[in-house]
Each structure stands twice: as C-alpha cells, then as structure tokens.
Amino acid sequence: MLASVGHPFVLALPVVVLAMFLWIARRERRLGLVQGPGYFQRNGVPIGLFLLIAVLAWAVFMIVLPQLFMIELSFRPKLPPSQTFGPRDVYSLQNYHYFLYGSPTSSANWNTVHLRAFWQTIVASIVVTFANFALCYPLAFYMAQVAGAARVRFLLLLLITPYWVNEILRAFAFRVMFASSGLINKLLLAGGLVAEPIDFLGLDVGMYAGLGYAYMLLMVFPLYNAIEAMPKAQIEAARDLGAPWWHIHLFVVMPFARPGIASGCTLVFMLTAGALAAPLVLGGPRSLWFTPIVYDRFYQAFHWPQGSAYALILLLTCIAFVLAVMRIGKLSLVEITR
Amino acid sequence: MTADVELEAVTVRFGTFTAVENASLKIEGGEFFSFLGPSGCGKTTILRTISGFIEPSSGQVRIGGRDMRGIGANKRPTALIFQSLALFPMMTVAENVAYGLRVRGASKSARMKKAEELLNLVALGDQGGKKVDELSGGQRQRVAIARALAVEPQVLLLDEPLSALDLKLRQHMRNELRAIQRRVGITFIYITHDQGEALTMSDRIAVMNAGRIEQIGDGRSVYTAPRTAFVAGFVGENNAMRGKVASVGEGFAVVETPLGAFRGTNPLGLTAGAPAVLFVRPEALHIGSTENACTAATTEVAYEGNLTHVGLRADDGSHLLVLLGGGETRSAPPIGARVGLGFDAADAIVLPPG
C-alpha cells in the first residue's frame, strides 16, 4: 500500500477512536447505564473545556501521535524528501527484515551484530534490574521499617541530591571514577591491591555500575512505599512464631511488598533496556548496547524508518517480557500502578 | 505442655522513662492471668518483655524455670496475639494458621492437617481457604488465636485482643477465650484496660499503674479488698471521700471528711492523724440509710433496666454515685430531691491516698 494513502489514516486514527468513545458514552447515557449530571454539568463549561482540551492535547500530541507515526514510519523505505509519498513510498516489512538478516531483501545471513546486541541488552537489563533490587531492598526496608523519621529524611536527601545533576554528567562522573587513571584505580594502586590499573570501562564494569545507579530511585521508592505500608506487628508476629530473619523477608515482607517490587523492577528494566546516556558514555569498545544502535540508525545512517523499526522492536519486546513476568507472578497492572 | 512465668525485679527503661519498675510476680502454669491498668501503665511493655521483644533493663524473666535472657522472641516457648492481630493479608486463613509450622519445616500435608484441626478448635473449620480480609472481626480474632496455638506454645500472651470488637462480640469472645484456655490448658497472660474482661476471665489479676504492680489477686479480692487508692478507684466504680483518720478501733477507722465523720474498715492499719481516703462502692451506698449518713441532692438518674445509676452532689460539691439494683430501681429519687445516704461500715474501706 502507498504511504500517501496510509498516512492520512494514521492521522485520522485518534480522531476515529475519540469519536467511538464519544458514541459509546452517549449510548450508555441513552440506555440509562450512566445517570446523574453530565461532565459539563459537574465541572462547568469553562473548566470542563479546559480539562478536556489540556488532557486531549497532551495525550494526542505528546503520546499517541508520535508513537503512531513511529509505527507507521517503521514500515516505510528510506527515501529522499522529494520522493516522500511518491510511488516508491510503499509499506513493507523490509526494516524488520533488516534487523533479522542485515539486508532489506536477502535472507541468506543473520544480522548477528544487531541480534547479539539486542539479546545482550535484554539479558544485561535483567541482570541490572536484579542487582538493583538486591541493592535497594535492604535500603528500602531499613528506611521503611527500621530508621527513625529524621534518618529517613536524611537518607532520602542523600538519594535524591545526585539526581539533580544531569544524567549525562552523572555518567561522565562514573567515567572519571572508573577510568584507568580514575579514583578507584588510584586507590587500588595506592593500596597495593593491584599492580596495574584495571580497565573497568573496557570490561563494561563502569557501564553496568552507571546503568544500575541511573534508575536506582525508581527502584527504591516503590519498594519503600510498599514496605512502609506494612504494619510492624506483622513482622513481629512472624518473628514471634519462630521465623528467622530470612524467612520473614522471603515469605512475609516480600509477598506483602510484591506490587512495589513488581513496579520497581518493571520501571528499572524498561528504562535500563532503553538507556542511552550510560551506554554511550561508559560503554567499552566491545560493548554493544541496543539503544546506541537505534540512535545510530537515526543519526549516523539517517535511516529514520529503520530506527523506528528498531525502537519498536525494543519497546514491544520489553512490554512482552514485563507482561510475561507479571503473568508468572500473578500480578495485575492495577496492582503495580497502585 | 504448659509453663509458669516468673518475673523477678523486672525493670524496663526507655531512655530516661521507666516503663516498668521492679515488677516481681509468679504466674502459675495453666493459669489465666490478666494485667489490668490504664493505657500507658506499662502492661504492654511487660507482655513484650515476656515474649522477648524487649530485654529488661534489669531483673530476670523465667519461663518454666529457665532464664530467658538473650533468648529472642522467635526462640521462646511463648506466642503473642497482637492487639491489631497482625494476620498476614497475602495468605489464606489456613496458611496464616500454618505459618509457624512452615517456619519449623513441617511438610505441607502435616501443616494443613494441623491448621484444619486448629480451625475446628476455634469453630472456623470451613473457612481455611478464604483470605483474611473476607472474614469478620470475630472470625479474624479466632484465626489469630489458632495461628498462635499452632506452634504449641507453653504460654499464650494476649495484648488487648478484643478491643477492636463490638460489645456483643466482645462478651461472646470472653467466654470463648476462657473455654479455649480450659481446652488447651496452657498459661494465658492477658493484657487489658477493661476491668470487666479482667474480672470475668481471669484466675488472677495484676492491677498496674504508672509502671508498678499495685495489687495481685483474684477478681473478687481485687474488687472487694483493694489495697491501694488506685486499685479502689480503677477497678469498678467507687465513691471516694478524702479526709484524715480521726480515730481507730478494732479493724476500723473513723475518717473525718468535709461531709462528716465516717467509719470504715482499716485493712492497712492506718493510725490517727494520717491522711486517708474512704471508699464506698455505689452498690453499698443506700438511700435513706442512717448509719454513716450524709445528705446530697440528686443530679442525674440513668435507668438501665436491671440497674439504675443515681448521680448526686454532696454538700461539699463532690459527686457521689449510687447504684440501685433489682427491685430498688423503682425507688429512684426524682432529680433535684435532697436525700439522706448511708452505708454499712463493713462495706467501706479506708486507704492512704494514692
């Protein structure tokens, strides 16, 4: 199908969906399923209009349309501007084909470089997420159940302040720390622990540390909220019934905090898989994170359709992964977002 | 199996605040023992000290003759029922009951069998598969009891477990608790600020105030023979008349008060000239009696069916309470009437002020 035909449909899609919602709403009122004063009667016309326009503009222009256009773009070929919407601008799966085989048409060889980077990104994101959880759970538990109010405020301040610094600057700070002549190597050398500086950046240690740190807050806060809601008496009850500390954490606190754990892990996993700054700044020469590849599709190869396809693949894989984990953990989206 | 609990000179301090001061007592195995006192008197601290959540600052806790120093809450032969019950919301009723056994590594089938047995004991046999929040308050209460009993404690500690229930259920649960205690035969240590609970359920009661144990005895002796002004005032209603001992006789003392001189028993042997408070129970104060008489004006009549509370204002402005029971209720004076009041000296008790 020609893009010149399909493109207007994409633009029209949100309008059609909105019209459908409106029609359903009117039908429910006509059938008496919804009663009482209507939206404008409840809020007044000026406020009602403002809310409607503000929310719609935000949702449609900031969220829905960009995503829709990206999806649409991912099916189109790379063409010079003069040929856009021309006869050669037709929808096809060639960008996705390229991701798998490294060529728009041939299926002879696998696109091992990109596939491996993709696979590595997913696995590494899972590892980073787990590491993050292992690090943040004790901290969150300490803040939520053990520490006094003043200590909690102090810890929160310590946690939040570094995030006032730009993400890229923070990544550079890690670079300074982990570099061959950086702080950690200097300390190791001075302490006589190593004879030669360790290439932390080349070994991707810096990148994983940076990735882990980048989204720590998004792990700590959901965990903290969930654990804080737990009455202390439940922990004491478990203890009174004879439970050792690990049993209490594993079978009482963690099940109680499950929505918070799922929420934190989901956020961290999604953001880590899509992280750009840390892999760009801290990635070693051999590391291949998927997001810089996506970035390169856009700004090095100037192949926006292919970049879109790559971004979409990453997005869908992450969503599928998270949904699968939630299904296994018997969690609903409602629980996570609580 | 049951065990006795001994406290020897137990003192618990939090910083500069002394929550429990020099508490010594022995609770016999199989006894239903209550700590009764107003909130903040240190009774919960005593319970948490026995259960192992608090180490005493000095003194010794012995359970079954064994010193409990350094033995954590998870290693003591006690089980605690929390005021909030602290049931695990993410587990089913049966899983809650079986948690203690799961900790001990019992097999799943053994756990579920025991849980079923205990749920039958508390009359919840068919509720095992439900979530905790699907149960009513009284049912949750019984789940908490079953969960605590599952670990076969030698001593069961109960921290005001009935306070969240409504009146009817509370009265029902009192009988239930007592019945369960007789069935399992272990020591129950019960914390409450509700004297009705303490009096109806306990074999013995320790009345506490401001970190100290004021008196230990069975319900009858605590009610009829209080040994401190606090106990006399806290357990049941009491009319207090302050004054000074004017003279003493054989087991009696005459107290000079603003309302006149009254005779009452003198169990502590107060001597003439000592400041004293004379306590008379509302049911011992009779309208129209001439012995130990004074006059007062009726200010309030509260009719409760089987009883009538009559509030009066004495001549010196103090409040007096008379309880009319049974057939007397028809003879309640009208509001505003001046009446004569009196009591038998044997029903009054003279104690030093608290």
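If you're matching them up, the sequences are chains C and A in order.
Okay, so the first sequence: first residue is 1 according to the numbering used here, each after it adds one.
Okay, so the second sequence: first residue is 1 according to the numbering used here, each after it adds one.
Virtual Cβ for every residue (Gly too), placed ideally from N, Cα, C.
Residues near residue i in its chain [Cβ-Cβ closer than 7 Å; skip 5 each side]
i	result
A/Thr44	Asp159 and Ile191
C/Val194	Leu188
A/Ala240	Gly233, Val277 and Phe279
A/Ala246	Val254, Val255, Glu256, Ala261 and Ala272
A/Asn96	Leu87, Phe88, Val132, Val143 and Arg147
A/Ser39	His193
Own chain, CB closer than 8 Å to residue i, minus 5 neighbours either side, in chain order
i	result
C/Ala173	Val165
C/Gln234	Val252 and Phe256
A/Ile335	Thr298, Thr299, Glu300 and Val301
A/Ala348	Phe262, Arg263, Gly264, Thr265, Leu278, Phe279, Val280, Ala284 and Asn292
C/Leu79	Gly86, Arg88 and Asp89
A/Ala225	Gly217, Pro267 and Ile349
Residue i to residue j span [Cα, whole Å]
i	j	result
C/Ser106	C/Tyr96	12 Å
C/Arg29	A/Tyr99	51 Å
A/Leu157	C/Tyr213	46 Å
A/Glu28	A/Pro153	15 Å
C/Pro8	C/Arg170	42 Å
C/Gly86	C/Ser4	7 Å
A/Gly325	A/Asn306	6 Å
C/His303	C/Gly6	20 Å
A/Asp166	A/Ala110	35 Å
C/Glu196	C/Gly182	12 Å
A/Gln215	A/Gln181	24 Å
A/Gly342	A/Val350	16 Å
C/Leu331	C/His247	22 Å
A/Ala332	A/Asn238	19 Å
A/Asn3	C/Asn225	Per the sequence shown, the amino acid found at residue 3 of chain A is Ala instead of Asn. Taking the straight line joining both Cα atoms gives about 42 Å.
C/Leu282	C/Ala108	34 Å
C/Ala190	C/Asn132	30 Å
C/Val45	C/Val16	24 Å
C/Met1	C/Thr84	14 Å
A/Val207	A/Val20	13 Å
A/Thr49	A/Gly15	16 Å
C/Arg153	C/Leu56	38 Å
C/Val113	C/Ile53	46 Å
Contacts of residue i in chain E (Cβ-Cβ under 7 Å)
i	result
C/Val252	Absent here is chain E; the protein component of the structure consists of chains C and A.
Under the three-state DSSP convention, the category residue i falls into
i	result
A/Pro275	strand
A/Lys131	strand
C/Asn109	coil
C/Gly38	coil
C/Gln145	helix
A/Arg379	In the structure displayed, chain A extends from 1 to 354; residue 379 of chain A sits before or after that span and is not available.
A/Gln195	helix
C/Cys265	helix
A/Asp347	helix
C/Ala195	coil
A/Ser58	strand
C/Ser82	helix
C/Gly284	coil
C/His303	coil
A/Arg263	strand
A/Asp67	strand
Identity of the residues DSSP links to residue i by a beta bridge
i	result
A/Asn239	A/Val280
A/Gly311	A/Glu300 and A/Leu321
A/Lys244	A/Glu256 and A/Pro275
A/Met208	A/Ile213
A/Leu36	A/Thr192 and A/Val207
A/Lys108	Note: A/Lys108 sits in no beta bridge, so no partner.
A/Cys294	A/Leu341
C/Val90	C/Leu2
A/Phe234	The partner list for A/Phe234 (beta bridge, DSSP) is empty, contrary to what the question assumes.
Contacts around residue i, its chain only, beta-carbon distance under 6 Å, and the 5 residues preceding and following it disregarded
i	result
C/Tyr75	The question names Tyr, but residue 75 of chain C in the sequence shown is Phe. Excluding sequence neighbours, C/Phe75 sits near Tyr91.
A/Gly52	Gly72, Ala73 and Arg76
C/Met230	Phe256
A/Lys26	Glu6
Any non-hydrogen atom of the ligand MN closer than 8 Å to residue i Cβ
i	result
A/Asn292	With respect to small molecules bound, the structure shown includes none, and the ligand MN cannot be examined in it.
Determine, using beta-carbon pairs with one atom in the stretch 215 to 234 of chain C and one in the stretch 286 to 298 of chain C, whether at least three such pairs fall under 8 Å.
-> no
If we count Cβ pairs, one from each stretch, closer than 8 Å, do we get three or more for the stretch 74 to 83 of chain A versus the stretch 124 to 137 of chain A?
-> no
Is the stretch 3 to 11 of chain A in contact with the stretch 319 to 331 of chain C, if contact means three or more CB pairs nearer than 8 Å?
-> no
With contact counted as at least three CB pairs below 8 Å, one residue from each stretch, are the stretch 110 to 127 of chain A and the stretch 142 to 149 of chain A in contact?
-> yes
Examine the Cβ distances between the stretch 64 to 71 of chain A and the stretch 195 to 211 of chain C and report whether three or more of them are shorter than 8 Å.
-> no
Mind the definition here: the stretch 312 to 319 of chain C touches the stretch 271 to 287 of chain C only if three or more C-beta pairs lie below 8 Å; say whether that holds.
-> yes
With contact counted as at least three CB pairs below 8 Å, one residue from each stretch, are the stretch 197 to 204 of chain A and the stretch 166 to 178 of chain A in contact?
-> yes
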